[in-house]
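Inspection log for the structure reproduced underneath, given as C-alpha cells.
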Amino acid sequence: MTITDPAAPARLTSRVTASEDRPTMPVHSPLTGAAIGAVPRCTGDDVITAVRAARDAHREWRRVPVPERARILLRFHDAVLDHRADLLDLVQTETGKSRYAAFEEVADVAYVTRYYAHTAARLLRPKRRHGALPLLTRTVEYRLPKGVVGLVTPWNYPLTLPVSDAVPALLAGNATVVKPASDTPLSVLRAAELLDEAGLPPGLFQVVTGSGAELGPPLIDSVDFVMFTGSTATGRVIAERCARNLIGFSAELGGKNAAIVLADADLGKAVEGVTRSCFASAGQLCISIERVYVERPVADRFVELFADRVRRMRLSGELRWGPEMGSITSAAQLDTVTRQLRDAVGKGATVVAGGQARPDLGPLFFEPTVLTDVPGDATLAREETFGPVVAVYPVDDADEAVERANDSRYGLNADVWTGDPKRGEAVARRLEFGTVNVNEDYTASWGSADAPMGGMKESGVGRRHGREGLLKYTEPQTVAVQRLLPIAPPRGVSQAAYARALVAWSRLLRRLPILP
Ligand code: NAD
7 MTITDPAAPA RLTSRVTASE DRPTMPVHSP LTGAAIGAVP RCTGDDVITA VRAARDAHRE
67 WRRVPVPERA RILLRFHDAV LDHRADLLDL VQTETGKSRY AAFEEVADVA YVTRYYAHTA
127 ARLLRPKRRH GALPLLTRTV EYRLPKGVVG LVTPWNYPLT LPVSDAVPAL LAGNATVVKP
187 ASDTPLSVLR AAELLDEAGL PPGLFQVVTG SGAELGPPLI DSVDFVMFTG STATGRVIAE
247 RCARNLIGFS AELGGKNAAI VLADADLGKA VEGVTRSCFA SAGQLCISIE RVYVERPVAD
307 RFVELFADRV RRMRLSGELR WGPEMGSITS AAQLDTVTRQ LRDAVGKGAT VVAGGQARPD
367 LGPLFFEPTV LTDVPGDATL AREETFGPVV AVYPVDDADE AVERANDSRY GLNADVWTGD
427 PKRGEAVARR LEFGTVNVNE DYTASWGSAD APMGGMKESG VGRRHGREGL LKYTEPQTVA
487 VQRLLPIAPP RGVSQAAYAR ALVAWSRLLR RLPILP
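In short: position in the sequence shown from 1, add 6, done, that's the working numbering.
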C-alpha cells in the first residue's frame with residue numbers, strides 16, 4: 007500500500023486548531039492496522055479558541071457578496087477534482103473502503119459545492135413578501151447568516167459529511183468549526199488545506215480533533231447552529247444540549263433501510279442495484295439497505311441470483327480501481343457485525359452468502375453477507391447493523407412489503423424495484439422514509455442535490471441538500487416598511503368603523519383570492 011503523498015498525514019496535523027502542548031491520538035488504517043498519523047487531542051479550550059477565531063473571521067465574511075463567496079468555492083471544486091488521486095488515497099487509507107466508494111465522496115463534494123455555488127445567490131436573495139396592507143406595507147424577507155456553525159461528523163464518510171455540509175453554511179455567510187470522528191480526522195484536514203488554497207479567508211473553516219463527549223459540550227455551548235451526523239443515540243444528547251442553548255440544529259441519524267422487490271421487476275437489474283445498495287462502503291453507509299422484502303413468486307429466484315452475485319464480489323484493500331468492497335473501518339464495528347450475525351444465526355437465520363471474517367485480506371475484513379429466515383426477535387431484524395449484512399424476507403404482496411418496511415422506528419432511505427415505474431412511485435409515496443429510489447440505489451436520491459435529503463422518525467431532524475440544506479444556516483429577517491397611512495384607524499374614523507372595514511375587506515378577499 008503506497009499513498010500518493012506519504013507526507014500528508016504529518017503535515018495535515020498542523021491544520022488542527024490546538025494548543026501546541028496537546029497530547030496526540032494515533033490514527034490507524036483499518037487496511038493494515040498500522041498507525042498512519044496522529045492528531046492533537048484537543049480540549050474545551052481549543053474549541054473555544056476555534057469558535058472565537060471563526061467568529062472573528064465571520065464578521066468580514068458576512069459582508070462578502072455571495073457571488074464572490076461562490077467564486078472561492080468553485081475554485082475549491084476544481085482543487086478537489088485536481089487532487090482527487092491523493093484524496094482517494096487518504097479516504098481509502100483511513101476508512102478502508104474501496105476506491106470507487108471513496109470516489110463517491112470526492113464526486114459528492116464536487117457536485118454539492120458546484121450546486122450550491124450556482125444556486126446560493128438566488129436562494130439568499132431578498133424576497134418581496136405580501137405586506138400587511140397591500141401597496142402600503144412594503145415587506146422584504148432577508149436571509150442573514152447564523153454566525154458560527156458547528157459540524158460534528160462520523161467516520162463512515164469522512165470527506166463528504168463534514169465538507170458537503172459545511173459548504174452551504176459558508177456560502178450563506180457563516181464560519182464553521184468541524185469536529186470529525188476520532189478514527190478518521192485526516193480527510194477533512196486535507197479538504198481544509200484545499201479550501202485555504204482556493205482562497206477561503208483564514209479562520210472560516212476550523213477543525214478540532216478529539217473525543218466527541220469532551221469537545222461536544224463546549225462546541226454546542228459556543229456556536230450558533232449545530233449540524234450533526236451520527237448515531238441516533240448521540241443525536242439525542244446533542245439535541246438536548248442545543249435545546250438548552252436555544253439554538254437550532256439539524257441531525258442526520260441512523261437507519262434500518264429497506265428495499266422492496268416487486269414480482270414484475272427485472273431481477274438482473276434488481277440484484278445488481280440491491281448489491282450496490284447493501285455493500286457500498288461495506289454497508290457502513292447511513293442509507294445502505296439492510297432489509298429486502300421480495301414478492302413471493304420471485305423470492306427464491308431473487309435469493310439465488312443475489313447470493314450468487316454477492317459470493318462473486320471482489321474484496322480488496324488495495325488503493326486501485328476494481329475491487330467492489332473494502333474493509334470494515336473499526337474493530338468496534340466489526341464486533342457489532344459479528345455479534346449481530348451470531349445472534350441472528352443462533353435464533354434460526356440461514357446464511358446464504360458470506361458470513362465469515364477475512365483476516366487473510368486485512369485485520370477488519372468481513373464478507374458481504376446475505377441472510378434468510380431471520381426471526382423477528384433477532385437484533386438485526388430491527389436494529390441498525392451498519393455493516394455488510396442484509397436480511398431477505400418473502401412477502402405476499404406490495405401492501406405487506408410497505409407495512410413491514412414502515413414498521414421501524416427509523417425512516418431514512420428505501421428502494422423499490424419494479425417493471426412499472428408509475429407503480430414504483432405509488433409504492434414509494436406510501437413509504438415513511440425521507441428518500442426513496444425507484445429502480446436505482448441510493449445514488450438517485452442522494453445525488454439529486456437539488457432535493458432535500460434526510461430522515462423521518464428517529465432517523466433525523468431537518469434536511470441537507472436543496473434549499474433546506476442552505477436556508478437552515480440562515481436567520482430569516484422580515485423588514486416591513488409602512489407608507490402613507492398607519493395600520494390603525496385614520497384620524498376621524500372610529501375604531502368600530504375601522505374594524506367593520508377590515509371585516510368587509512377580509513370577506514372580499516375570501517371570495518377573490520388575489521391576495522393570501
Ligand atoms: P456517533 O454518534 O458515535 O459519532 C458521531 C460523531 O459524534 C463523532 O464525531 C463523535 O466523536 C461525536 N460524539 C460522540 N459523542 C458525542 C457527544 N456526547 N457530544 C457531541 N459529539 C459526540 O456515530 P458514528 O458511530 O461515528 O457513526 C455511525 C452512525 O452515523 C450510524 O448510526 C449512521 O447511520 C449514522 N450516519 C447517518 C448519516 C445520515 O446522513 N443520516 C450519515 C452517516 C452516518
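Just so you know, even glycine gets a beta-carbon here, dropped at the ideal spot from N, CA and C.
Note that this is a predicted model, so its numbers are computed, not measured.
ask   = What did DSSP end up calling Ala417 once you bin it into helix, strand or coil?
value = According to the sequence displayed, residue 417 carries Gly and not Ala. Three-state result, Gly417: strand.
inquiry  = I'd like to confirm something about Cys292: is its beta-carbon nearer than 6 Å to some heavy atom of ligand 1, or not?
reply    = yes
task = Determine the DSSP secondary structure at Ile253, reduced to helix, strand or coil.
result = coil
ask   = Buried or exposed: Val485, going by 16 or more other Cβ atoms within 10 Å of its Cβ?
value = exposed
query = Out of curiosity, what's the CA-to-CA distance linking Lys103 and Pro329?
reply = 10 Å
query = Relative to ligand 1, is the shortest distance from any of its heavy atoms to the C-beta of Thr240 smaller than 6 Å?
reply = yes
Counted within 10 angstroms of its Cβ, other Cβ atoms place Asp306 as buried (16 or more) or exposed = exposed
task = Leaving out five residues on either side along the sequence, give the residues of the same chain with a beta carbon under 8 Å from the beta carbon of Thr342.
result = Thr391, Phe392 and Gly393
task = Tell me whether Ile295 sits in a helix, a strand or coil according to DSSP, three-state version.
result = strand
request  = Give the C-beta separation of Leu192 and Leu18 to the nearest angstrom, bearing in mind that I take them to be a contact with Cβ-Cβ under 8 Å.
outcome  = 6 Å
key: Cβ neighbour criterion (16 or more within 10 Å) applied to Ile244   = If you draw a 10 Å sphere on the C-beta of Ile244, you find 16 or more other C-beta atoms in it, and that means buried.
task = Using a Cβ-Cβ cut-off of 7 Å, state whether Arg415 counts as contacting chain B.
result = Here there is only one protein chain, and chain B is not present.
task = Would you kindly work out how many angstroms separate the C-alpha atoms of Arg128 and Arg77, rounded to a whole number?
result = 15 Å
query = Got a sec, what are the start and stop residues for the beta strand (DSSP E) Phe211 sits in?
reply = Phe211 to Val213
Any non-hydrogen atom of ligand 1 closer than 6 Å to Pro4 Cβ = Residue 4 lies beyond the residue range present for the chain, which begins at 7 and ends at 522; the question has no answer from this structure.
task = Have a look at Val2 and Val70 and give me their C-alpha separation to the nearest angstrom.
result = This structure gives no information on residue 2, because the portion of the chain shown stretches from 7 to 522.
key: DSSP-derived helix/strand/coil call for Met7   = With a pLDDT of only 49 at Met7, under 50, the local geometry of the prediction cannot be trusted, and no value is derived from it.
Rounded C-alpha distance that separates Ile226 from Pro365 = 40 Å
query = Does the stretch 475 to 482 come close enough to the stretch 157 to 176 to have 3 or more Cβ pairs within less than 8 Å?
reply = yes
ask   = Taking Cβ to Cβ, would you say Thr119 is nearer than 7 Å to Leu79?
value = Their beta carbons are under 7 Å apart, which means Thr119 touches Leu79 by this criterion.
message = For Ser237 and Gly260, which I take to be in contact (beta-carbon distance under 8 Å), what is that distance rounded to the nearest angstrom?
response = 5 Å
query = Pick from Thr385, Leu321, Met331 and Phe234: whose alpha carbon is nearest that of Arg297?
reply = It is Thr385.
query = What is the DSSP secondary structure of Ile244, counted as helix, strand or coil?
reply = helix
request  = Reducing DSSP to helix, strand and coil, say where Val112 ends up.
outcome  = If DSSP states are grouped into helix, strand and coil, Val112 belongs with the helices.
query = So, Leu273 versus Thr424, is the Cβ gap smaller than 7 Å?
reply = no
query = Run through DSSP, which three-state label would Lys463 get?
reply = strand
task = Please report how far the alpha carbon of Trp452 lies from the alpha carbon of Met459, in whole angstroms.
result = Taking the Cα positions, Trp452 is about 7 Å away from Met459.
ask   = Ordered along the chain, which non-local residues of its own chain (more than five positions away) have a Cβ less than 6 Å from that of Val442?
value = In chain order, Ala420 and Ala434 place their CB closer than 6 Å to the CB of Val442, counting only its own chain and leaving out the 5 sequence neighbours on each side.
message = Among Gly352, Arg196 and Val396, whose alpha-carbon lies nearest the alpha-carbon of Val45?
response = Arg196
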